[in-house]
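Novice:
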């Protein structure tokens, strides 16, 4: 065996190293220094994230089972940045009562799920992909149940694990159909063998694969676990689920659709996805409008955001891919800003509904300001990053030039307006509504504050610093062969 | 000093704005002010270094042509491969000159404000820190505008200049007059900017480029005459309503510039803008922002030379505005307003001077000495900025001393405020065009350029120059002489603190010597040296006319007498009309309130309320009903979730099968 091919997975190896160090620290360090574990992990991860940006060798490894190219490399870095922000936000929470005894497990599981996602992103073989998918899914159930003393936490974990197992089964069934038709599990070989294929079995297989990955992305109608799990799980886990997990799923989804089922694009899954996207954006929006609990509200908002991310997927070209990655990057910053505020307030005041936020601006101006920027960015108000990401994703979708996509973009645009309504409701509560007993002034912990400052900077700057988008377009330009089937 | 330091010149004010704006409240007034002055001082030093390097380092001259240098020009928004908006920094003769002008005036205004803004009628000024932050924002916007590498960037900074001007005019936001003035300024200039944007779009559509200069194989639209001809040629003779589209585009762009530069009939905001603090008037509404329009036309000069139609419009508008504003300035009693109209008139001089540079015929033969008007205009922009800022800062010192803007509260101040008086006199001599003060040299070049276009243009502008001398000395005599004011003996006005006096002295010194800057070697439209010599006929006659104006003012206003009152009653109609600025504001009021609001806005508002809002409300109702209706889908039971999951997947599969296979 050629061991040098391990060099083609530097990010995975780095992540494993971080995991091992955290594990060693957790197991062998004396009790009194355990409180420093969050800081240790965060700093270690920050160093690893920074090192990951060093360009490395690209290519295929393990007989074509995985591939590192410009796009996967960039996507993993985006997820690393998001993971770093999540770790910052979780630091204070993991040292709280009830949780602190198991804080080592939290970090280890979290890092392992990220490892699974990296495998998903790089996989060019369904077996590896499924392993990645499961590594990324199952620990999340344990994470969701992390606050043992809370009933909702259990409920979330139970619902997650049930639906996850079910969707895995469906996904595997889909894959076995594909194997039955194509006789191989390598992405490239499947694509060649599926050329010109148009059978009922293939359609069923595609639908099942979409359902399996759609579960992770929480696309309608595979989305129903989302709200309960988001509400019940600890906020740090919810934040992680809503951005990192989604980003990884969206990217690998695009890879599968383009590379494996590319030839069947117009025949089979183009219209399926149109329907799913319209449903996802609209249903997510309609449910979000009526939520009073902010975590639940963000769950539905994240469902509809997943619909926008899918607009970049349905474009199936390099521009769509770039704008999808850009969207995920911006979404990470915007959503984590919102979750950072929610986590800080939930931890200290125990309140999570919109009405509790009345008059927040008076008592906590900086938190209110951060939340406002997050809402503006999620709603796509210029000049914040969210506007540019929506803009580019629409441009990317329209670039395909088909009339159906124009209609799709139009529906998405109308939904953007609807979404403004509920995003601004939060802003209205914080700034306009008054409350006698508003949430008292909260002193946020240092890591939380750092993460929120980073998020605010990201929201303001990412849109204006255009070189990021230019870089992503160049990165995806280099993997344009992936779309040769379309 | 390397030209790349221009980046620092632009960046420092931005950082100052962010820092003073965010941390100013916590820092206290004194520290904020001092930091502002130091920051601006550093910027000024670097800007001088850059400008001197650019002008006097021979390596920037290639074949006798001073080339534009693009320091930094990254892509900002790339829509397609060719259609790219950039944000960058370029240094060329006019940009380098503007760097000097802006940083000089801004620095002295920062320094002067330490004293001027320290109190407001005896109370500590509220929002002192905000003032310095806004000043820094303005300086940043203006610097970004002059070093812009493309039209789109100019537009962005044009708007930012407008916003910071809005913030500063409305600085005393407790006063209704200030609020009205800031809104008026913003709306009028915004309206003009709408045309500017239209112009940019038309120009961009036909030329496929926003960039000014050639760079890396890209062709700018006005790098040289050839580039401009190429750019205009891309329109391939497309016309709209009988005029070429390029003429339309350039006229629209000029309207944008006219809004900022207060050309008739878009001048109405500038006199009201005097409600802002006086240092702001000196910086924004005398020296820098108001010349943005002139700068814009100068920037696109090669295009305007080709499209002579647009040039003729500028010429007529400029010449008329110069006269119109000078006439109003002759009767104003509020010294800041009088100075404001004087500013309008002087800027019109610059516009006219740019526009008289006509090339011959359709094929554009550039004759020997072409571009004198351009050079003169930029020269006048430079000298005018210095002496008009001086005059405004003097006015600020006087207002600070007597707490009034009206000249009837001043009179006889010479005895009490000698330094201010002498500085103001130097400013008046400079603007009147008495040699060897700065204004003489630049105005003389303008008049020569006007006489070259035609005797009529020359005579007209000479007459306006005479009026300039008259009204400036009228103001001077009414403030510092006329009669002894009783109030002053009890409450003695005096020269102000050193932070306010020092800028006056330095600017006065600059106003004396600025005319000797060899502008014709440095700032020309094509970067080549322009050989000029003093035209003795024009120079002599213009000095004579100026002297007549001063003498007239001396007779009428030096000692208290009845001539002005007699004149007023003899020409009461004319006097009243001029005093009320020829009723332009009333006309606007009538048009906006009576015509536009009643006839156009009211029906639209009705349609908006009934149909648009109704439709939207219906949509909202439907959406909300739907949201309520589907609530049962989310039951909370996991069996239901899984059921929907599998049904959804199967439904999608079955529908696809039906569609694809049938």
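Protein chains in written order, with this note's numbering: chain Y, 221 to 706; chain S, -13 to 648.
For glycine and all other residues, C-beta sits at the position ideal for the given N, C-alpha and C.
For residue 651 of chain Y, which residues of its own chain have a beta-carbon under 6 Å away from its beta-carbon, when the five flanking residues on both sides are left out?
Specialist: Hits under 6 Å: 581.
Novice: For the region 277 to 338 of chain S, which segments carrying the alpha helix (DSSP H) assignment without a break, of at least 4 residues, lie completely within its bounds, in sequence order?
Specialist: Taking only runs of at least 4 residues, the alpha helix (DSSP H) segments lying wholly in the region 277 to 338 of chain S are 278 to 285, 287 to 292 and 294 to 315.
Novice: Quick one: list the residues of chain Y neighbouring residue 61 of chain S, beta-carbon separation under 7 Å, in chain order.
Specialist: Per Cβ cutoff of 7 Å: 686 and 690.
Novice: Compare the C-beta of residue 550 of chain Y with all C-beta atoms of chain S and state if any pair is closer than 8 Å.
Specialist: Cβ-Cβ to chain S under 8 Å: no for residue 550 of chain Y.
Novice: Which residues, in chain order, does the region 382 to 401 of chain Y contribute to contact with chain S at a C-beta distance below 8 Å?
Specialist: The region 382 to 401 of chain Y vs chain S, Cβ under 8 Å: 382, 383, 386, 387 and 390.
Novice: Below 8 Å, how does it come out for the region 169 to 185 of chain S and the region 233 to 248 of chain S: are there three or more Cβ pairs, yes or no?
Specialist: Taking 8 Å as the limit for Cβ pairs, the verdict is that the region 233 to 248 of chain S does touch the region 169 to 185 of chain S.
Novice: Pick out whichever of Y:357, Y:431, Y:282 and Y:319 has its Cα sitting closest to the Cα of residue 492 of chain Y.
Specialist: For residue 492 of chain Y, the nearest C-alpha among the options comes from Y:431.
Novice: Name the residue from Y:476, Y:641, Y:587 and Y:410 whose alpha carbon lies nearest to the alpha carbon of residue 517 of chain Y.
Specialist: Ranking Y:476, Y:641, Y:587 and Y:410 by Cα distance to residue 517 of chain Y puts Y:641 first.
Novice: Find the residues of chain S that neighbour residue 638 of chain Y, judging by a C-beta separation of less than 7 Å, and give them in chain order.
Specialist: The contacting residues are 609.
Novice: Buried or exposed, going by whether 16 or more other CB atoms sit within 10 Å of the CB of residue 654 of chain Y?
Specialist: By the 10 Å Cβ count, residue 654 of chain Y comes out exposed.
Novice: Along the chain, which unbroken stretches of the alpha helix (DSSP H) at least 4 residues long are found entirely within the region 447 to 473 of chain Y?
Specialist: Runs found: 455 to 460.
Novice: If we count the other Cβ atoms within 10 Å of its Cβ and call it buried at 16 or more, is residue 227 of chain S buried or exposed?
Specialist: Exposed.
Novice: How many Å lie between residue 347 of chain Y and residue 634 of chain S at the Cα?
Specialist: Spanning the two alpha carbons is a distance of roughly 25 Å.
Novice: Is the CB of residue 487 of chain Y under 8 Å away from at least one CB in chain S?
Specialist: Answer yes: the Cβ-Cβ gap between residue 487 of chain Y and chain S drops below 8 Å somewhere.
Novice: Can you name, in chain order, every residue of its own chain whose Cβ lies under 7 Å from the Cβ of residue 557 of chain Y, other than the five neighbours on each side?
Specialist: Excluding positions up to five away in sequence, the list reads 590, 593, 594, 672, 675, 676 and 679.
Novice: Between residue 270 of chain S and the rest of its own chain, which residues show a CB-CB distance below 7 Å, the 5 nearest in sequence each way excluded?
Specialist: Here the set comprises 124, 151 and 154.
Novice: Using 8 Å for Cβ pairs, my map puts residue 426 of chain Y next to residue 488 of chain Y. What's the rounded Cβ distance?
Specialist: The pair is a contact, with the Cβ atoms about 5 Å apart (cut-off 8 Å).
Novice: If we call anything under 8 Å between Cβ atoms a contact, is residue 288 of chain Y one with residue 299 of chain Y?
Specialist: It is not a contact, given that the beta carbons lie outside the stated cut-off.
Novice: Kindly provide the ranges of any beta strand (DSSP E) runs that are 3 or more residues long and lie completely inside the region 246 to 284 of chain Y, ordered along the chain.
Specialist: Qualifying beta strand (DSSP E) stretches, in chain order: 279 to 281.
Novice: Spatial neighbours of residue 297 of chain S within its chain, please: C-beta separation below 6 Å, excluding the five flanking residues on both sides.
Specialist: If we look at residue 297 of chain S and ignore the five residues flanking it on each side, its Cβ neighbours are 290 and 341.
Novice: Looking at chain S, is there any beta carbon in it that lies within less than 8 Å of the beta carbon of residue 444 of chain Y?
Specialist: So, interface residue.
Novice: Considering only C-alpha positions, which residue in the set S:411, S:12 and S:254 is nearest to residue 329 of chain S?
Specialist: Of S:411, S:12 and S:254, the residue nearest in Cα terms is S:254.
Novice: DSSP state of residue 548 of chain S, grouped into three classes?
Specialist: Coil, per DSSP.
Novice: Give every residue of the same chain whose Cβ lies closer than 6 Å to the Cβ of residue 310 of chain Y, excluding the five residues on either side of it in the sequence, and list them in chain order.
Specialist: Once the five neighbours on either side are set aside, the close Cβ partners of residue 310 of chain Y are 456.
Novice: Could you list which residues in chain S have their beta carbon closer than 7 Å to that of residue 418 of chain Y, in chain order?
Specialist: Residues of chain S passing the Cβ test: 646.
Novice: Mind listing which residues of the region 149 to 181 of chain S have their C-beta closer than 7 Å to chain Y's C-betas, in chain order?
Specialist: Here the close residues number zero.
Novice: I need the boundaries of the alpha helix (DSSP H) containing residue -3 of chain S, first residue and last residue.
Specialist: Segment -8 to 13, the alpha helix (DSSP H) holding residue -3 of chain S.
Novice: Taking residue 63 of chain S as part of the beta strand (DSSP E), name the residues at either end of that continuous run.
Specialist: Start and end: 61 to 64.
Novice: Is it right to say residue 436 of chain S is buried, meaning 16 or more other beta carbons lie within 10 angstroms of its own, or is it exposed?
Specialist: So residue 436 of chain S counts as buried.
Novice: Buried or exposed: residue 556 of chain S, going by 16 or more other Cβ atoms within 10 Å of its Cβ?
Specialist: So residue 556 of chain S counts as exposed.
Novice: Note down, in chain order, every chain S residue with its Cβ under 7 Å from the Cβ of residue 423 of chain Y.
Specialist: Residues of chain S passing the Cβ test: 639, 642, 643 and 646.
Novice: Within 8 Å (strictly less), CB to CB, does residue 612 of chain S reach chain Y?
Specialist: So yes, residue 612 of chain S belongs to the interface.
Novice: Just to confirm my understanding: we take residue 568 of chain Y, look at its own chain, exclude 5 residues before and 5 after, and list those with CB closer than 7 Å. What are they?
Specialist: Hits under 7 Å: 662.
Novice: Taking only beta carbons into account, state which residues of the region 615 to 640 of chain S come closer than 8 Å to chain Y, listed in chain order.
Specialist: From the region 615 to 640 of chain S, only 616, 617, 619, 620, 622, 624, 626, 627, 628, 630, 631, 632, 633, 634, 635, 636, 638 and 639 have a Cβ closer than 8 Å to chain Y.
Novice: Whether or not the region 359 to 368 of chain S and the region 312 to 326 of chain S are in contact is what I'm after, with contact meaning three or more pairs of Cβ atoms, one per stretch, closer than 8 Å; do they touch?
Specialist: The region 312 to 326 of chain S is not in contact with the region 359 to 368 of chain S.
Novice: Please tell me whether residue 510 of chain Y has its Cβ less than 8 Å away from any Cβ of chain S.
Specialist: Judged by the 8 Å Cβ criterion, residue 510 of chain Y is in contact with chain S.
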